[in-house]
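First the structure, in the form of structure tokens, and then the observations on it.
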Amino acid sequence: MFLYIQKRPCERRALGYYNVRYAHICKYWMMKKENRGKENRTEVLIIRLTKTEKDVLKQAAKNAHLSLSSYSKHAIFSQKIVSKTDVQTVFQLKKIGVNLNQLTKQINSLPSDNNIRYALKRVSEYIENLDKITSSIV
Numbered sequence: 001m002f003l004y005i006q007k008r009p010c011e012r013r014a015l016g017y018y019n020v021r022y023a024h025i026c027k028y029w030m031m032k033k034e035n036r037g038k039e040n041r042t043e044v045l046i047i048r049l050t051k052t053e054k055d056v057l058k059q060a061a062k063n064a065h066l067s068l069s070s071y072s073k074h075a076i077f078s079q080k081i082v083s084k085t086d087v088q089t090v091f092q093l094k095k096i097g098v099n100l101n102q103l104t105k106q107i108n109s110l111p112s113d114n115n116i117r118y119a120l121k122r123v124s125e126y127i128e129n130l131d132k133i134t135s136s137i138v
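Residue numbers (UniProt numbering): 1 to 138.
Below, the structure written as structure tokens:
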């Protein structure tokens, strides 16, 4: 599929003007035309927003030169949603990885047997924590 990038709000034909700002909008309209076929939109979705949220949404739609409905559809169908639990799990896994790296550095820098045993004990504790987290994901 060839993507036309235009200066004006996206239309279904090429205007010949190029501007990266509207690339995602034009791609959305072209995908809509290909995927939609002859099916009419008959379903209605109602959401509740605060006045501030609605104003922010209207301004974002205005900046993109789209109607509120078109902007909302674009945001819904083209954005990848990351769940909060995934973000928290990744954060915890990164913390464990940092701790393991710190312990490995201690093991390599201190040749004493007592320090190695202590570090290995802590590493095994972190591995147990990692197993708990991964089992909660699955």
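Note that beta-carbon positions come from the ideal geometry of N, C-alpha and C, so glycine has one too.
Given the structure is predicted, the values throughout are model-derived calculations rather than measurements.
query	result
Contact under 8 Å by Cβ, I127 with T89	no
Rounded C-alpha distance that separates K51 from A60	14 Å
H65 - DSSP class collapsed to helix/strand/coil	coil
Under the three-state DSSP convention, the category T134 falls into	helix
Proximity of N115 and Q106 at Cβ, strictly below 8 Å	yes
Spatially closest choice to I46 from N63, L68, A64 and V56, by CA coordinates	L68
Length of the line joining the Cα atoms of A119 and I133	21 Å
Among D113, V56, N129 and K73, nearest to N99 - alpha-carbon criterion	N129
CB of L49 within 8 Å of CB of L57, strictly	yes
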